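Residue 326 in my numbering sits at position 66 of the sequence shown, and the numbers go up by one each step. This report concerns only the one structure given below.
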Amino acid sequence: MKLDSVTLAILGNKLAAVSEEMCLTLQRTGRTLYVKETADFACALAGLDGRFFAYPRSIGVSGFVGLECLPTIAAVGPLEPGDVILTNDPYRSEGLSTHLPDLHMIEPYFHEGRIVAYGWCFVHCSDVGGRVPSSISPVNTEIFQEGLRIPPVKLMRRGEMVPEVRLFLDANSRTPEANMGDIRAMLAALAAGRRRLEQTIGQHGAEAVCVAATDLMSYAAQKARAVLRRVPDGTYRFSDYLDDDAATQLPVRIALAATFADGTVHLDFTGTDPQVATAMNIPSRGRPHAWLTLRVLALVNTLDPTTPLNAGLLEPVRITAPEGSLVNPQEPAATGVRHAAAIRVNDVLNGAFGLALPQVMPAASSGTVIPVVMAEPDGRGGRRVQVIEPMIGGTGARSGRDGVDGRDSGISNLANNPVETVEAELGVEIISYALRPDSGGAGRWRGGCGMELTFRALTDDTNVLGRGMERLLFRPWGSNGGRPGAPGELIVNRGLSGERRLGKIDVLTINAGDTVSFLTPGAGGWGDPAERDTGAVLHDVRNGFVSAEAAVRDYGVVIHGGTVDEAETRLRRATMQPAGGHGPERERWDSVFTPELMDRLNARLVALPGSARQRRRRDILAQALCALPDGFPRSGADDDALRSARDRLAAAAAAL
């Protein structure tokens, strides 16, 4: 049986509406700020193959379309009405969950004694135990440090919560009541999905709904192939770096070769660094995982907005993710800050696709998402743990359009938390929450500005955590002559006595009266800044996005008395020199650690036993870096030092 196009469209809209009602139920009944305000959750309907055939477009996390439920479902055995599966284990769920604070639930939806679909939902919960409040630390070295691992188990059995499972949940969290509030909201969302799916079956019949689940994914795959055929066939290579692995000063490389051929794309991550001994690994299990394919979904839905949002979008996608690499780590690698690496994967996809479609793809967005967490003493020996704000930067500029200020089109569509709500929940005073001037990369079209969040603690011995801080060294790159965005910063007591400028933090302890300022990166610009319309530069200066000094320095636009001095501007622009799109730090790094050499080196490193990969990598890179001055690549080096470092690296790689 195959549905006609009209019936398929009707059912597609109805089933998507079911998933959105599930999300609304979850958000309205959720307990924590991260659910009620930030909306770090999602709901969907999965078919009998465990893949999502109905997914919401307008609420919750939009990027998890490609997750697979079937390994988790198979792990618990036979299911009955009223059963609900719970898991947060990246390895035992085969990548359904990707770090421990993400609780995933699956409920089988029965009709006349047989399963016709599954309801799915997840939330990011406040704390699942582990070494630090909120459970996530970039310096954890294995998943056992990150909190309670929940293999696929039945949380609900025939409609009743299993008391032993709840006991484990409550006993392994700093915030058991908040967690249980969000868990009950998830159960309410699954119940809403069950009721609405039953109503849809009552209107159209079970067979039509089951066929629609298959036909909708086939239709999405067909539409995706049509879009991918618009990309010129060929292989496009791009690489980018995380600033470091949070334990050493060594940058972490992600490499991609994207091959387009007749409506398909092969994403080959060979050349990516080995898995790290910290928490930035992406547990993709070598599949076309959501964290490795999100830019494909964005490309398809941008060029054809009529494409339904479901797992069929990934049918034309093939993945090569070497086992033991950052994008396919081996157990028990820590994964808590996997979103930092996933953002860089998104940038790499964006860069490779931009080589194929330069007029379509934007420059790099800010490249960071920082859930700023506060854990303050509760007066009873414990701590209240809440997310103050999920900090992001700006969106990259593209041909014909400036980037969006203070919004990032990368991996997440999380909402911001209202200041009043944050101050009501925590002992904190928000001093400033604003756009960051002069942070967007200069270009014919300007990159989006980053953000500034400054807050004051009201309680002594308060912990602040900023997970996923990135782009403090390697800037968000510009495209087609555009310049990079400004790097991020973290400042304690900014402008006050005792000011401290920090890099990445694990757990920062502050006292009442201390202020903390998170400054997120701006996004890359697109096109030559000397070609930007002078009126647009003047508009940016008047509105505070660009200072008058930066207008002269970056755009060659001279402003006197609130107007553009056209004659002086022409003279300035005539002498402007082109600047590298990646920024000086990346250019210096690539002058030694060339893409070709790093491809060869990492292919050999990943093939080594797990116990040897990190040690050998550190040793080899150290041999090159010892020939360079301290501070490299923030500071430069003379030609002799660069040549010596390249020779040392090549010799060490050859010996490996």
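Ideal placement from N, C-alpha and C gives every residue a C-beta, glycine not left out. As the structure is a prediction and not an experimental result, all values here were calculated from the model.
Here L733 is not near L750, since their CB atoms are 9 angstroms or more apart. CA-to-CA, the gap between A834 and D825 works out to about 14 angstroms.
The beta carbon of P436 sits closer than 8 angstroms to those of L429, D430, all from its chain and outside the five residues before and after it, given in chain order. In the three-state reduction of the DSSP assignment, K764 falls in the coil class. Counting only runs of 3 or more residues that sit fully inside the region 342-394, the beta strand (DSSP E) segments are 344-347, 362-371, 374-384, in chain order.
The C-beta distance from N753 to D721 rounds to 17 angstroms, too long to fall under 8 angstroms, and the pair is not in contact. In the DSSP assignment, H464 falls outside any beta strand (DSSP E) and within the unbroken alpha helix (DSSP H) covering 436-464. In the three-state DSSP reduction, P423 falls in the helix class (H, G or I). A Cβ-Cβ contact shorter than 9 angstroms links G701 with P736.
In the structure shown, F324 adopts helical secondary structure according to DSSP, grouped into three states. By the Cβ criterion, the region 623-635 is in contact with the region 702-710, since at least three pairs of Cβ atoms, one from each stretch, lie closer than 8 angstroms.
Residues of the same chain with a CB within less than 6 angstroms of the CB of A448, apart from the 5 flanking positions on each side, are T285, T289 in chain order.
A Cβ-Cβ separation of about 5 angstroms places L527 in contact with I579 under the 8 angstroms criterion. Inclusion of V633 and R727 in the CB contact set at 9 angstroms is warranted, their separation being smaller than that value. With contacts defined by Cβ atoms closer than 9 angstroms, L695 and D665 form a contacting pair. Only residues of its own chain outside the window of five on either side were considered, and among them V560, L573, P576 have a CB closer than 6 angstroms to the CB of A484, listed in chain order. In this structure, G656 is the residue among G656, T595, P592, E636 with its C-alpha nearest to the C-alpha of V620.
For Q619, there is no enclosing beta strand (DSSP E), as DSSP marks it with neither H nor E. Bridge partners of Q646 according to DSSP: M634. Exposure of N803 is indicated by the presence of fewer than 16 other C-beta atoms within 10 angstroms of its C-beta. Its Cα nearest to that of T495, the residue F520 stands out among F520, D503, P511. Contact between H359 and G596 holds: CB atoms are separated by about 5 angstroms, below the 8 angstroms threshold. Apart from the 5 residues on each side of it in sequence, G795 sits with its Cβ closer than 8 angstroms to the Cβ of V824 in its chain, given in chain order. Scanning the region 800-859 from its first residue to its last, the whole alpha helix (DSSP H) runs of 4-plus residues come out as 808-815, 826-834, 844-852. Counting only unbroken stretches of 4 or more residues, the alpha helix (DSSP H) elements lying wholly within the region 673-729 are 679-685, in sequence order. Taking the C-beta atoms as reference points, S318 is found nearer than 9 angstroms to E280. The criterion of a C-beta distance shorter than 9 angstroms is not satisfied by L674 and R604. Bridge partners of P534 according to DSSP: S585. The beta carbon of P338 lies closer than 6 angstroms to none in the same chain, with the five residues before and after it left out.
Contact check for V645 and S394: beta-carbon distance about 5 angstroms, within the 8 angstroms limit, so the pair qualifies. With a cutoff of 9 angstroms on beta-carbon distance, L457 and L569 are scored as not near each other. When DSSP states are grouped into helix, strand and coil, Y315 belongs to the coil group. Secondary structure at K274: helix, using DSSP grouped into helix, strand and coil. For S739, the beta-bridge partners assigned by DSSP are W786. Taking 9 angstroms as the cut-off, the beta carbon of T292 is found no closer than this to the beta carbon of A451.
Shortest Cα-Cα distance from A872 to any of P534, V767, G389, V321 involves P534.
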